[in-house]
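Input: a single structure, listed below in structure tokens.
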Amino acid sequence: MTTEEKKEKSLNFLEEIVEEDVREGKHGGRVLTRFPPEPNGYLHIGHAKSICLNFGLAKKYGGATNLRFDDTNPVTEDTEYVESIKQDVRWLGFEWINELYASDYFDTLYEFATQLIRKGLAYVDDSSAEEIAAMKGTPTEPGTESPYRNRSVEENLDLFERMRQGEFAEGSRVLRAKVDMAAPNMHLRDPLMYRIKFAHHHRTGDKWKIYPMYDFAHGQSDSIEGITHSICTLEFIPHRALYEWFIDKLEIFPSRQYEFARLNMTYTVMSKRKLLQLVNEKHVNGWDDPRMPTISGLRRRGYTPAAIRDFCDRIGVAKRENLIDVGLLEFCIREDLNKTALRRMVVLDPLKVVITNFPEGATEICHIENNPEDLDAGTREVPFTREVFIEREDFMENPPKKYFRLAPGQMVRLKGAFIVRCDDVIKDENDEVTEVHCTYLENSKSGNDTSGINVKGTLHWAPATNALPVEIRLYDRLFRVEDPSSEEGDFKEYINPDSLKVITGYAEPALREAQASDRFQFLRKGYFCADLDSTPDRLIFNRTATLRDNWAKEAGK
RNA sequence: UGGCCGAUGGUGUAAUGGUAACACAGGACAUUUUGGUUGUCUUAUUCAGGGUUCGAGUCCUUGUCGGCCAACCA
Numbered sequence: 143m144t145t146e147e148k149k150e151k152s153l154n155f156l157e158e159i160v161e162e163d164v165r166e167g168k169h170g171g172r173v174l175t176r177f178p179p180e181p182n183g184y185l186h187i188g189h190a191k192s193i194c195l196n197f198g199l200a201k202k203y204g205g206a207t208n209l210r211f212d213d214t215n216p217v218t219e220d221t222e223y224v225e226s227i228k229q230d231v232r233w234l235g236f237e238w239i240n241e242l243y244a245s246d247y248f249d250t251l252y253e254f255a256t257q258l259i260r261k262g263l264a265y266v267d268d269s270s271a272e273e274i275a276a277m278k279g280t281p282t283e284p285g286t287e288s289p290y291r292n293r294s295v296e297e298n299l300d301l302f303e304r305m306r307q308g309e310f311a312e313g314s315r316v317l318r319a320k321v322d323m324a325a326p327n328m329h330l331r332d333p334l335m336y337r338i339k340f341a342h343h344h345r346t347g348d349k350w351k352i353y354p355m356y357d358f359a360h361g362q363s364d365s366i367e368g369i370t371h372s373i374c375t376l377e378f379i380p381h382r383a384l385y386e387w388f389i390d391k392l393e394i395f396p397s398r399q400y401e402f403a404r405l406n407m408t409y410t411v412m413s414k415r416k417l418l419q420l421v422n423e424k425h426v427n428g429w430d431d432p433r434m435p436t437i438s439g440l441r442r443r444g445y446t447p448a449a450i451r452d453f454c455d456r457i458g459v460a461k462r463e464n465l466i467d468v469g470l471l472e473f474c475i476r477e478d479l480n481k482t483a484l485r486r487m488v489v490l491d492p493l494k495v496v497i498t499n500f501p502e503g504a505t506e507i508c509h510i511e512n513n514p515e516d517l518d519a520g521t522r523e524v525p526f527t528r529e530v531f532i533e534r535e536d537f538m539e540n541p542p543k544k545y546f547r548l549a550p551g552q553m554v555r556l557k558g559a560f561i562v563r564c565d566d567v568i569k570d571e572n573d574e575v576t577e578v579h580c581t582y583l584e585n586s587k588s589g590n591d592t593s594g595i596n597v598k599g600t601l602h603w604a605p606a607t608n609a610l611p612v613e614i615r616l617y618d619r620l621f622r623v624e625d626p627s628s629e630e631g632d633f634k635e636y637i638n639p640d641s642l643k644v645i646t647g648y649a650e651p652a653l654r655e656a657q658a659s660d661r662f663q664f665l666r667k668g669y670f671c672a673d674l675d676s677t678p679d680r681l682i683f684n685r686t687a688t689l690r691d692n693w694a695k696e697a698g699k
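Residue numbers (the numbering used here): 143 to 699.
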């Protein structure tokens, strides 16, 4: 992209805000963002949108980005997730300036809380969870004040300190902010700041018996780090008033929160809870199952970081709810791989073709380009023999009009080799075609074709004699419906039972070299990626995406 | 029936008071030794009514529709 084109692309609303802040010299023109995952699950494509936004915004305006783990709830969080998150962010191509943890601030946060108590803005409440919920009121009715709301500063300080010491049972007391029990915004009705939990924390161990809530951790963490623009999703809009209340009362660095609409995508689910369920209930084979919308799933499926970044760029950023067509993601990976993936020929559903006029035992070496989009990728050798496999669907005994493939009396080119004509069809007792007999045109070899014959169709093929069997995993969308979450009943009822088909394909010899995570275009079949479990003795390929298929559309009409 | 956020082609995103743009998807044609790629063309009176204005997708107002908010989750 030239600078001129870049300049012409209009800014999204967050870029406008940051650009104006920089122009006005807010915070001395400094921009610091943060990506704040909770380490309780794997990152998905929706997080990728947030990552691209946070890191992209900072980079564009000369700033930097912190990676901060929002680890304030020890019962759901784990270091396993910390590691996967770091790996995924790096794989996407981003580097943080600081690796931080909300738990690093537990001491400071405790001090902040006592400040609020001293100011008469926080109190220890002995009510039970049920009582607190009942006193909260409803969106249309104001709440009622807790009987513990007006304890003295001294008593609150004492009780809070004893909560920290672990003197009280879990759930017996909480620390609440004293805001406004009648506020129309429910989050302002004396929100909880701290709860008692005797849980082991993945970083602070057993040091703490009390843990801060999101609302008393996130904004303060932003402020401590000097985050200038704290970007989150729409559901946090009602939290913003509280975010600002704490910063105001504590008189700390004024980070600002901005909200954008999270990514939703067709034929999948995006909530961590639902993804966890798919994993736990074995509907998929783990977080990195290639059908999952997780970063690790997409990676295993064969997606490239560049394609995912391009996708995030194309979907844009706004504040309205959206449901992005998964077809756009597929477009992005096809566009990337079309330019870079080496071509190989693999027959997924073999039909034997005997070239009756080709000498038995003979081999004709064909030199075929590795990538027509990139001639620097060179060529490879493919041995042509008397017996080859073609795709079963590439032959029809009684073809419809406009069928350019093999049929009795019809001619096609075998890619990079010869033109062949179908002379005979061999069938078994069930009337199933078992073999097709052809003759080849000796003077039609690719590169020095003097036959003068032009054929409409070119088929991929593989030599049958020393065919290389490979395992192929054909992935399809995980759900049968566009938006499983909005359907009646349990979203799992809409799982696509055919989302994975495992077959054996027959490959040309050059594929033998494939290493795990190598990506290829299997000619006319799609993009495939050697699976993590693939070995030289047992090659396994995951289908990343099919090719566009205009014939399938035409035939389906 | 409280508060907040939003509404532009099938899907997304733009147009920042001056006559709806771009991408994907869909359709048509051309090119092609991948029915791939590529190229050209094509698909909208901006949720509805009222108002301000010479002029409104944009501002005001009312309504409609959608989303979010009453976890000791984040």
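Don't be surprised by glycine CBs; every beta carbon is placed ideally from N, CA and C.
CA-to-CA, the gap between residue 216 and residue 344 works out to about 7 Å.
The C-beta separation of residue 526 from residue 493 comes to about 17 Å, leaving the pair out of contact by the 8 Å criterion.
Judged by DSSP secondary structure, residue 694 falls within the alpha helix (DSSP H) whose first and last residues are 692–698. A residue is called buried once 16 or more other Cβ atoms fall within 10 Å of its Cβ, and residue 307, having fewer, is exposed. In this structure residue 380 does not touch residue 427 by the C-beta definition: roughly 38 Å separates them, more than the 8 Å allowed. Residue 603 is bridged by DSSP to 532.
Just so you know, the alpha carbons of residue 334 and residue 674 end up roughly 45 Å apart. For the pair of segments examined, the region 410–428 was found not to touch the region 156–176: the number of CB pairs separated by less than 8 Å stays below three. Per DSSP, the continuous beta strand (DSSP E) segment holding residue 371 begins and ends at 371–375. In the three-state reduction of the DSSP assignment, residue 643 falls in the strand class, which pools E and B.
Beyond the five residues adjoining it in sequence on each side, residue 400 comes within less than 8 Å, by CB distance, of 156, 159, 371, 372, 373, 374 in the same chain, given in chain order.
In the structure shown, the three-state DSSP call for residue 286 is coil. Residue 683 is classed as buried because its beta carbon has at least 16 other beta carbons within 10 Å across all chains shown. Only residues of its own chain outside the window of five on either side were considered, and among them 177 have a CB closer than 7 Å to the CB of residue 192, listed in chain order. Distance from the CA atom of residue 376 to the CA atom of residue 353, rounded to whole angstroms, is 25 Å.
Under the three-pair Cβ rule at 8 Å, the region 584–603 does not count as touching the region 631–641.
Taking C-beta separations shorter than 8 Å and ignoring five residues to either side along the sequence, the partners of residue 625 in its chain run 406, 408, 465, following chain order.
Per DSSP, residue 517 has no beta bridge partner at all. Residue 251 has its alpha-carbon roughly 7 Å from the corresponding atom of residue 359. When secondary structure is reduced to three states using DSSP, residue 202 falls in the helix class.
Cβ atoms of residue 483 and residue 669 come within 8 Å of each other, at about 6 Å. By the C-beta density criterion, residue 438 is buried, having at least 16 other C-beta atoms within 10 angstroms. Distances from the alpha-carbon of residue 620 to those of 272, 369, 642, 188 put 642 closest. Per DSSP, reduced to three states, the secondary structure at residue 436 is strand. Annotation for residue 186: no beta strand (DSSP E) segment contains it, and DSSP assigns it neither H nor E. Residues 494, 495, 496, 497, 605, 606, 607 of the same chain have their beta carbon placed closer than 8 Å to that of residue 529, with the five preceding and five following residues left out of the count. Bridge pairing for residue 347: 343 [DSSP].
Annotation for residue 226: 184, 185, 429, 438 place their beta carbon closer than 8 Å to its own, counting only its chain and skipping 5 residues before and after.
Apart from sequence neighbours up to five positions away, the residues of its chain that approach residue 243 with a beta-carbon distance below 8 Å are 210, 211, 213, 345, ordered along the chain. If the five residues before and after residue 283 are omitted, its C-beta is found closer than 7 Å to no C-beta atom of its own chain. Secondary structure note for residue 430: it is in no alpha helix (DSSP H), with a DSSP letter that is neither H nor E.
DSSP places residue 271 within a helical segment (H, G or I) once states are collapsed to three. When DSSP states are grouped into helix, strand and coil, residue 613 belongs to the strand group. A Cβ-Cβ separation of about 7 Å places residue 267 in contact with residue 274 under the 8 Å criterion. Leaving aside the five residues that flank residue 277 on each side, the residues in its chain whose CB is nearer than 8 Å to its CB run, in chain order, 269, 285, 286, 287, 288, 323. In this structure, the beta-carbon distance from residue 681 to residue 666 does not fall below 8 Å.
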